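Asks:
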Amino acid sequence: MTYYELLQALKPYHSFIYTGDKLRDLDLIEEDVKELRRLGLIEQAFFRDAMLVISKERHQLLSKREG
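Numbering-wise (full-length UniProt numbering), the sequence shown opens with residue 1 and increments by one.
Dropping the structure here:
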């Protein structure tokens, strides 16, 4: 799953996140994904993949900001 695919997968849940700060966007997306899992609306495999994408995107973003 890519970041774009994750954003598309969240649309049916009316989750449209764009704050202008990608790091903040990732925080909000993570909150949404955790809540969807808690409510049983998404499968464990989707949750795992989504959290991996969020983690990778956050790492890449922080690496760019430091370098």
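For glycine and all other residues, C-beta sits at the position ideal for the given N, C-alpha and C. Source: prediction; values computed, not measured.
(1) Exposed or buried, what is Leu6 when buried is set at 16 or more other beta-carbons lying within 10 Å of its beta-carbon?
(2) In chain order, which alpha helix (DSSP H) runs of at least 4 residues are fully inside the segment 16 to 52?
(3) How many Å lie between Lys64 and Asp32 at the Cα?
(4) For Ile42, which residues from the same chain have a beta carbon less than 6 Å from its beta carbon, with the 5 sequence-adjacent residues on both sides left out?
(5) Taking 8 Å as the threshold (C-beta atoms), are Leu52 and Leu23 in contact?
Replies: In short:
(1) buried
(2) 22 to 38
(3) 25 Å
(4) Leu36
(5) no
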